[in-house]
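**Student:**
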Amino acid sequence: MKERLVLIGNGMAGVRALEELLKLEPDMYDITVFGEEPHPNYNRILLSPVLAGEKTIDDIILNSREWYEEHGITLHTGDPVVAIDRAKRRVRTDSGVEAPYDRLLIATGSRPFIIPVPGADLDGVIGFRDIHDVDVMLEAAKHYKRAVVIGGGLLGLEAANGLMKQGMDVTVVHLLDTLMEKQLDKPAADLLKRSLEARGMKFLMQAQTKAILGDKRVESIRFEDGMELQTDLVVMAVGIRPNVELAQQAGIHCERGIVVNDTMQTYDPRIYAVGECVQHRGVTYGLVAPLFEQAKVCANHLANLGYGLYQGSVTSTKLKVTGIDLFSAGEFHGGEGTEEIVFQDPAGGVYKKIVLKDDRIHGAVLYGDTIDGAWYFQLMREGTDVSDIRPHLLFGQSHLGDSGHGGVNQAAAMSDDAQVCDCNGVCKGDIVKAISEKGLFTVDDVKLHTKAGASCGSCVGLVEQILADTLGGDYSAPEAKPLCTCTDFTHDQVRAAIREEHLTSLRQVFDKLDWRTQDGCHVCRPALNYYLIAAWPEEAGDDPQSRFINERAHGNIQKDGTYSVVPRMFGGVCTPADLRAIAEVAEKYEVPEMKVTGGQRIDLFGIPKEQLPAVWKDLSDAGFVSGHAYGKAMRTVKTCVGSTWCRFGTQDSTGMGIELEKLTWGSWMPHKFKLAVSGCPRNCAEATIKDFGVVGIDSGWELHIGGNGGVKVRATDMLCRVETEAEVMEYCAAFIQLYREEARYLERTAPWVERVGLTYIKQHVVEDEVNRKALAERFRRSQEIAQVDPWKQIAEGTERLGFMPLKVVGSN
Amino acid sequence: MSEEWIEVGRLDDIPRLGSRVVKSAEGEIALFRNSNDEVFALRNRCPHKGGPLSEGIVAGKRVTCPLHNWIIELENGVAAPPDEGCTPAYPVKVERDSIFLMLSPASAC
Ligand code: SRM
Ligand SMILES: Cc1cc2nc3c(=O)[nH]c(=O)nc-3n(C[C@H](O)[C@H](O)[C@H](O)COP(=O)(O)OP(=O)(O)OC[C@H]3O[C@@H](n4cnc5c(N)ncnc54)[C@H](O)[C@@H]3O)c2cc1C
Ligand code: SF4
Ligand code: FES
Chain A
1 MKERLVLIGN
11 GMAGVRALEE
21 LLKLEPDMYD
31 ITVFGEEPHP
41 NYNRILLSPV
51 LAGEKTIDDI
61 ILNSREWYEE
71 HGITLHTGDP
81 VVAIDRAKRR
91 VRTDSGVEAP
101 YDRLLIATGS
111 RPFIIPVPGA
121 DLDGVIGFRD
131 IHDVDVMLEA
141 AKHYKRAVVI
151 GGGLLGLEAA
161 NGLMKQGMDV
171 TVVHLLDTLM
181 EKQLDKPAAD
191 LLKRSLEARG
201 MKFLMQAQTK
211 AILGDKRVES
221 IRFEDGMELQ
231 TDLVVMAVGI
241 RPNVELAQQA
251 GIHCERGIVV
261 NDTMQTYDPR
271 IYAVGECVQH
281 RGVTYGLVAP
291 LFEQAKVCAN
301 HLANLGYGLY
311 QGSVTSTKLK
321 VTGIDLFSAG
331 EFHGGEGTEE
341 IVFQDPAGGV
351 YKKIVLKDDR
361 IHGAVLYGDT
371 IDGAWYFQLM
381 REGTDVSDIR
391 PHLLFGQSHL
401 GDSGHGGVNQ
411 AAAMSDDAQV
421 CDCNGVCKGD
431 IVKAISEKGL
441 FTVDDVKLHT
451 KAGASCGSCV
461 GLVEQILADT
471 LGGDYSAPEA
481 KPLCTCTDFT
491 HDQVRAAIRE
501 EHLTSLRQVF
511 DKLDWRTQDG
521 CHVCRPALNY
531 YLIAAWPEEA
541 GDDPQSRFIN
551 ERAHGNIQKD
561 GTYSVVPRMF
571 GGVCTPADLR
581 AIAEVAEKYE
591 VPEMKVTGGQ
601 RIDLFGIPKE
611 QLPAVWKDLS
621 DAGFVSGHAY
631 GKAMRTVKTC
641 VGSTWCRFGT
651 QDSTGMGIEL
661 EKLTWGSWMP
671 HKFKLAVSGC
681 PRNCAEATIK
691 DFGVVGIDSG
701 WELHIGGNGG
711 VKVRATDMLC
721 RVETEAEVME
731 YCAAFIQLYR
741 EEARYLERTA
751 PWVERVGLTY
761 IKQHVVEDEV
771 NRKALAERFR
781 RSQEIAQVDP
791 WKQIAEGTER
801 LGFMPLKVVG
811 SN
Chain B
813 MSEEWIEVGR
823 LDDIPRLGSR
833 VVKSAEGEIA
843 LFRNSNDEVF
853 ALRNRCPHKG
863 GPLSEGIVAG
873 KRVTCPLHNW
883 IIELENGVAA
893 PPDEGCTPAY
903 PVKVERDSIF
913 LMLSPASAC
């Protein structure tokens, strides 16, 4: 018999845990769900827009009753559980239904705190928590005029805004002199207050409620100072209390919330808890992003996988009042050891404050211009050292070199027909529609359903912004993105495991890290294969089946299934004999087209797979090796003529280019890697848009890193100046090795340099000589293994047979 | 079209999680071998834009097309949602390490 899982609380966290569980183990449990509310699971967050008349209840249902049926889940709604019998492992509901469990999940959320003043039980006094509350408010708005909202926090203001939109005359009563004091500092709160007042909202600050007066229904409200205010409706939004009574009665250890460990288990190991009812490491949460993380970890354990750990969350907030932009995250009040950077334009209605501690973002408050909120939040969560970008920080991401993060600032302003993904022709409207209609929450979901961002990926930043915009406060970028859907581990975690656990094959990675799929997928396999050979060049064998076809066939696949062949020409230098040999190959195999490439090499196009080994053989006999124009690998060294001929040349750039290419060819990289050498600062070889660029100067060489000439142009950062050729070689090898060891797969040097910071790279490659030499030495060692020409190897070995058809058969 | 089994090669001719192509008068048929040594045969044309499926990455019972990453089920040639389409699958069997193929599709598309 299947194990029985019972869920108490049919809300956002509990049902999310079930969804995560079904993804992992669709058939492991017989599942029964009990919900106190009469509805299937809905998006509680969007109650605010429902109240404001911007959405309907139907819009916000997350899981319809059919969903429960499809997954064989028994659902009881409108029937709260009133007792848990831990000895008999059974729960009982108000109406007397009983259900036995093997494992129990408590996700009872929280209840609005109702201030215990006389009159709190009158008609027309409510909290703001569920559909019922919204119905009561909407009904009141139809018949009455005046409303008071007690509590000037996030929820209170959203309630007040909604009631105002429904035509009521609304006064917000707040105990302190700062609105949203948990999220805002005084200047930002004042701006907010002013702009809400301009919309007609009234405020009564520093007022303490003493009693609510009325006969049957509320008629007025009295404050400590004796003042009275007439009203027909009182909404209490002064905070929430984790809903723990049921757990407490069952003898489960509770403090403020139900106490759980890092695997979301309560003191009774058969009983799990997630959501707002939970207290983890002393903290309770009231936003969905952390609850969804808890749900994921919980599901992982329910599925008996046992490697997910919840370690707490950093959260950020936005206010969902249309037309008001507000963002807040982290510890924004400053304090000891912190510094503040502030931008203030009260007339323009813009305020930004960033709190720094040890060169890292500690907290942020943005008002009026929140475009960079997601970016600050990311820097904060990842603990990025921001000292390099500090002068530009407040001006936002668009003021930095913008490689790879495509258009973080544009999403909100874009029209629906503006194209977001140029690869797949997907417009903003398509994405917004998919997000709202299909209920998407993550970039991966959007990729899957719309293909936006699924190809070159340069628009992923924009897609993330659109997600954030569309979902409002509902969205928070996932804490750390898993490598792919086969695992919950991130690139960095997988890499660390490969190094620390000494894993040398894909199988070992899959086993050790509990991969969800037997063979991985087309996303993780190439990444893992690279991480393995980069970490253990001497031990890990290359797995051709885990490489993208271009790297398996050592040529670029074309749209008709043929391949291109680019022989390496070191430094772009060639002899008449070289050219003749290439020309002969082209004629002999009737190559449809030849072209000089942007990387100063010669490309032969349209060669069928079975012909590749023969073409390679001829090229290899003429002295050529593979140009790797197809790989996540060292590509080309582009050079200018340099001092040998050029009247301005200060250094022999072609000679240097040849040496660099000899040093680096054949190396596998996280992404493609290009070099260039110019003979003087006129820079004819465009060295300042290359991954590693070298520019000759009178006194030696200038070394540049992190340039990119592709989708988003980024000019290099200057690493340092050196004098000798030997130094150029050493710095180049060290930089490459650092990139090979630390960048994530498919992360080019430009975004990598921006992520880790130039300072970090200088520390490792320039300032620390011992480290530089060690890096360079590791690179040389790995090159001893990598520098075999794959073309020659295949053309001469048995592997070439794999390029031929297995059999040619007639059909009649 | 013939309904007989044709011997096309040995199991070891196809690498695990790899593929080889059989050329026939109707076009190419891609044979795939997965990590459990099961063999599947599909017409070597992706339902999207005709990409050569034989060059894709094989995982489980699926192959990812090398051109634009559609994912195709090896057993029946159907594209995994949200993409829609399919490519014919052919009957194939392995006996004493020899691979036998039938040239009339098992599933039409
Ligand atoms: C052949 C060539 C065009 C040409 O005829 O000149 C070329 C052809 C391709 N480029 Fe390129 N790129 C070529 C030089 C460049 C350059 C110029 C350069 O190298 O100086 C750039 C900009 C510089 C840079 O990379 O920073 C360039 C930026 C790209 C990009 C964008 C990279 C980025 O990080 O933004 C891609 C897409 C990718 O890599 O994901 C790309 C991808 C491609 C691919 C591999 C597309 C594909 O996946 O099929 C094309 C393969 C064609 C083929 O079958 O051979 N190609 N590509 C050039 C080969 C250079 C060589 O000799 O090896
Ligand atoms: C108006 C509003 C706006 C919000 N805006 C945001 C926002 O912008 N961003 C954000 O991140 N978060 C927001 N939140 C908070 C977010 O909705 C909650 O954090 C989230 O819903 C909590 O999920 P949960 O599963 O823990 O609790 P819930 O979603 O409340 O689910 C708990 C469920 O358990 C049921 N239940 C309780 N006891 C029992 C019992 N004994 N038997 C059976 N069922 C029981 C309850 O009726 C409820 O349906 C907002 C909340 C509200 C009310
Ligand atoms: S950069 Fe221009 S000027 Fe300088 S050596 Fe090269 S070609 Fe000559
Ligand atoms: S041709 Fe196969 S995915 Fe486009």
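As they're listed, the protein sequences go chains A and B.
Under our numbering, think of the first position of the first sequence as 1, with each following residue one higher.
Under our numbering, think of the first position of the second sequence as 813, with each following residue one higher.
The beta carbon of each residue, even a glycine, is placed where N, CA and C say it ideally should be.
In this text, all values refer to a predicted model and were calculated from it rather than measured experimentally.
1. By how many angstroms is the C-alpha of G312/A removed from the C-alpha of K2/A?
2. Would you call the stretch 850 to 857 of chain B and the stretch 892 to 911 of chain B touching, i.e. three or more CB-CB distances under 8 Å?
3. Hey, out of P80/A, G383/A, K186/A, whose CA is closest to E245/A's CA?
4. What residue from V149/A, M180/A, E181/A, L184/A has the CA that sits closest to V170/A's CA?
5. Kindly indicate which three-state DSSP category F395/A falls into: helix, strand or coil?
6. Beta-carbon of D177/A versus every beta-carbon of chain B: anything under 7 Å?
7. Closer than 8 Å is the cut-off here; do at least three beta carbon pairs connect the stretch 736 to 756 of chain A with the stretch 523 to 530 of chain A?
8. My guess is that L51/A and M137/A are in contact by the Cβ rule of under 8 Å, so how many angstroms apart are they, rounded?
9. Quick one: does the C-beta of C858/B sit closer than 6 Å to a heavy atom of ligand 4?
10. Ligand 2 heavy atoms versus the CB of N243/A: any closer than 6 Å?
11. Helix, strand or coil: which one does DSSP assign to W817/B?
12. When burial is assigned at 16 or more other CB atoms within 10 Å of the CB, is M669/A buried or exposed?
13. Relative to the C-alpha of E255/A, which residue among A237/A, H280/A, E754/A, L801/A is closest?
14. Does chain B have any CB closer than 7 Å to the CB of D519/A?
15. Which word fits D192/A, buried or exposed, when buried means at least 16 other C-beta atoms lie within 10 angstroms of its C-beta?
16. Would you report the Cα separation of A247/A and V238/A, rounded to the nearest angstrom?
17. Using the Cα positions of I57/A and T384/A, report the straight-line distance between them to the nearest angstrom.
18. How would you call S831/B, buried or exposed, if buried means at least 16 neighbouring beta carbons within 10 angstroms?
19. Quick check on T876/B - is its C-beta less than 7 Å from some C-beta in chain A?
20. So the candidates are Q294/A, C646/A, G153/A; which of them puts its Cα closest to the Cα of T263/A?
21. Give me, in chain order, the residues of the same chain whose beta-carbon lies closer than 7 Å to that of P790/A; leave out the 5 immediate sequence neighbours on both sides.
22. Checking contacts by CB at 7 Å: is K835/B closer than that to chain A?
23. Within the present structure, is the beta-carbon of L854/B separated from the nearest heavy atom of ligand 4 by less than 6 Å?
24. In whole angstroms, what separates the C-alpha of E98/A from that of R44/A?
25. Does any residue of chain B bring its CB to less than 7 Å from the CB of S811/A?
26. From what residue to what residue does the beta strand (DSSP E) around G693/A run?
27. Counting C-beta neighbours from all protein chains within 10 Å, is the total for S921/B 16 or more, i.e. buried, or is it exposed?
28. Look at the Cβ atom of Y376/A, then the Cβ atom of I361/A, and state whether they are nearer than 7 Å.
29. Quick one: is M227/A buried, meaning 16 or more other Cβ sit within 10 Å of its Cβ, or exposed?
30. Thinking C-beta only, is V788/A closer than 7 Å to C720/A?
31. Any heavy atom of ligand 6 closer than 6 Å to the beta-carbon of G863/B?
32. With hydrogens ignored, establish whether the beta-carbon of W67/A is closer than 6 Å to any heavy atom of ligand 4.
33. Just checking: is the beta-carbon of V851/B within a distance shorter than 7 Å of some beta-carbon in chain A?
34. So what does DSSP say about Q763/A, is it helix, strand or coil?
35. Is the distance from the Cβ of V494/A to the Cβ of L506/A below 7 Å?
36. Tell me which residues share the same chain as G839/B and place their Cβ nearer than 8 Å to its Cβ, disregarding the 5 neighbours each side in the sequence.
**Tutor:** The relevant details are as follows:
1. 32 Å
2. yes
3. P80/A
4. V149/A
5. helix
6. no
7. yes
8. 6 Å
9. yes
10. yes
11. strand
12. buried
13. H280/A
14. yes
15. Contrary to the premise, residue 192/A reads as Leu rather than Asp in this sequence. Buried, because 16 or more other Cβ atoms sit within 10 Å of the Cβ of L192/A.
16. 24 Å
17. 41 Å
18. buried
19. yes
20. Q294/A
21. H554, S626
22. yes
23. no
24. 28 Å
25. Because the pLDDT of S811/A is 49, which lies under 50, any placement of that residue in the model is unreliable, and the question is left without a value.
26. 692 to 697
27. The displayed chain sequence assigns Cys, not Ser, to residue 921/B. With fewer than 16 Cβ atoms within 10 Å of its Cβ, C921/B is classed as exposed.
28. yes
29. exposed
30. no
31. In the structure shown, ligand 6 is absent; the only ligands present are ligand 1, ligand 2, ligand 3 and ligand 4.
32. no
33. no
34. helix
35. no
36. R855, N856, R857
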